[in-house]
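As given, the protein sequences belong to chains A and B, one line each in that order.
Number 95 in the working numbering belongs to position 95 of the first sequence; there are no gaps in the numbering.
The number in the working numbering is simply the position in the second sequence, starting from 1, with 111 added.
All C-beta atoms, glycine included, are put in the ideal place defined by N, C-alpha and C.
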Amino acid sequence: DAKTTQPISMESNEEEPVHLPCNHSTISGTDYIHWYRLLPSQGPEYVIHGLTSNVNNRMASLAIAEDRKSSTLILHRATLRDAAVYYCIPLKPGANSKLTFGKGITLSVRP
Amino acid sequence: DTEVTQTPKHLVMGMTNKKSLKCEQHMGHRAMYWYKQKAKKPPELMFVYSYEKLSINESVPSRFSPECPNSSLLNLHLHALQPEDSALYLCASSQVKAGRVLNTEAFFGQGTRLTVV
């Protein structure tokens with residue numbers, strides 16, 4: 001399984017953009033990069049995923065480096081509700097696909 | 112309906128009790144998962160079911176016994192648990208096609224908070 005490295009924590013101001021980095025230098029060519037977040041007192045929530053191209057959805061954008069060894073989750077305007085632990089997870093589709101959570105990055109949002 | 116429903120929300124059980132956790136989804140997902148989450152730690156994968164068959168067991172002790180009676184339901188039977196098994200137990204589901212878990216999002220329930228006394 002590919003290993004990931006994320007900063008332990010990051011702070012942001014409300015309504016400002018946030019860039020959450022993730023290094024996954026051992027990622028294989030077929031691993032997709034998924035991001036999930038863990039909000040306080042809730043189960044994990046899917047955020048976004050991609051393979052090679054940058055991706056956008058209503059929650060966030062995902063910028064993937066050309067060599068795929070790193071990616072950045074972008075929250076365009078942070079809200080207080082975005083305060084959570086964010087997990088970057090390489091995931092290979094297949095019969096034994098396992099969504100495995102690492103340490104994650106804790107995002108704090110200041111009002 | 113994009114919900115994964117877990118019952119009960121809270122459970123307190125003694126070390127000699129037998130109890131079950133239940134999970135239900137109606138999204139047509141054929142992959143279902145059990146996770147265990149201790150306080151201030153990330154969720155840890157316990158079991159994966161694909162097409163109602165156990166496909167992954169992450170070396171979980173036999174006092175935890177999963178069961179998938181049909182494509183919408185997933186149970187976790189608990190027996191002779193220890194206080195250190197107290198945790199939040201999360202269920203999740205995702206799509207499967209031709210036996211392969213698809214590269215789509217997994218949906219998680221809100222969990223059952225288990226306390227073993």
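**Request:** Identify the continuous beta strand (DSSP E) that holds residue 50 (chain A) and give its terminal residues.
**Result:** 44 to 50
**Request:** May I ask you to verify whether the stretch 148 to 167 of chain B touches the stretch 99 to 107 of chain A, counting CB pairs closer than 8 angstroms and requiring at least 3?
**Result:** yes
**Request:** Quick one: which residues of the stretch 154 to 182 of chain B get their C-beta closer than 9 angstroms to a C-beta of chain A? List them in chain order.
**Result:** 154, 155, 156, 159, 161, 166, 167, 169
**Item:** is_contact[residue 7 (chain A), chain B] using C-beta, thresh 8 angstroms
**Value:** no
**Message:** In whole angstroms, give me the CA-to-CA distance for residue 13 (chain A) and residue 69 (chain A).
**Reply:** 28 angstroms
**Message:** Measuring only the C-alpha atoms, how far is residue 62 (chain A) from residue 36 (chain A)?
**Reply:** 12 angstroms
**Asked** Going straight from the alpha carbon of residue 87 (chain A) to that of residue 104 (chain A), what length do you get?
**Response** 4 angstroms
**Request:** Go to residue 78 (chain A), then tell me how far its beta strand (DSSP E) extends in each direction, as first and last residue.
**Result:** First-last for residue 78 (chain A): undefined, no H or E at that position.
**Request:** Can you grab the Cα-Cα spacing for the pair residue 123 (chain B) / residue 79 (chain A), in whole Å?
**Result:** 35 angstroms
**Asked** Is the beta carbon of residue 206 (chain B) sitting closer than 8 angstroms to the one on residue 140 (chain B)?
**Response** yes
**Asked** Hey, how far is the Cα of residue 32 (chain A) from the Cα of residue 143 (chain B)?
**Response** 20 angstroms
**Prompt:** If we ignore side chains and look at the alpha-carbon of each, how far apart do residue 82 (chain A) and residue 56 (chain A) end up?
**Reply:** 17 angstroms
**Asked** For residue 132 (chain B), which option in B:198, B:194, B:149, B:167 has the closest C-alpha, if you only look at C-alpha atoms?
**Response** B:198
**Message:** Once the 5 residues before and after residue 7 (chain A) are set aside, which same chain residues still bring their CB inside 6 angstroms of it?
**Reply:** 105
**Asked** Shortest alpha-carbon distance to residue 180 (chain B) belongs to which of B:191, B:134, B:189?
**Response** B:134
**Asked** Who are the neighbours of residue 135 (chain B) on chain A, taking C-beta pairs under 8 angstroms?
**Response** None at all; the shortest Cβ gap to chain A is about 14 angstroms.
**Message:** Using beta carbons (cut-off 8 angstroms, strictly below), is residue 139 (chain B) in contact with chain A?
**Reply:** no
**Request:** Confirm, please, whether the CB-CB distance from residue 165 (chain B) to residue 158 (chain B) is below 8 angstroms.
**Result:** yes
**Item:** CB contact below 8 angstroms: residue 216 (chain B) versus chain A
**Value:** yes
**Prompt:** Are residue 202 (chain B) and residue 225 (chain B) close, meaning C-beta to C-beta below 8 angstroms?
**Reply:** no
**Message:** Strictly by DSSP, which residues pair up with residue 224 (chain B)?
**Reply:** B:121, B:199
**Request:** Tell me whether the beta-carbon of residue 34 (chain A) lies closer than 8 angstroms to the beta-carbon of residue 73 (chain A).
**Result:** no
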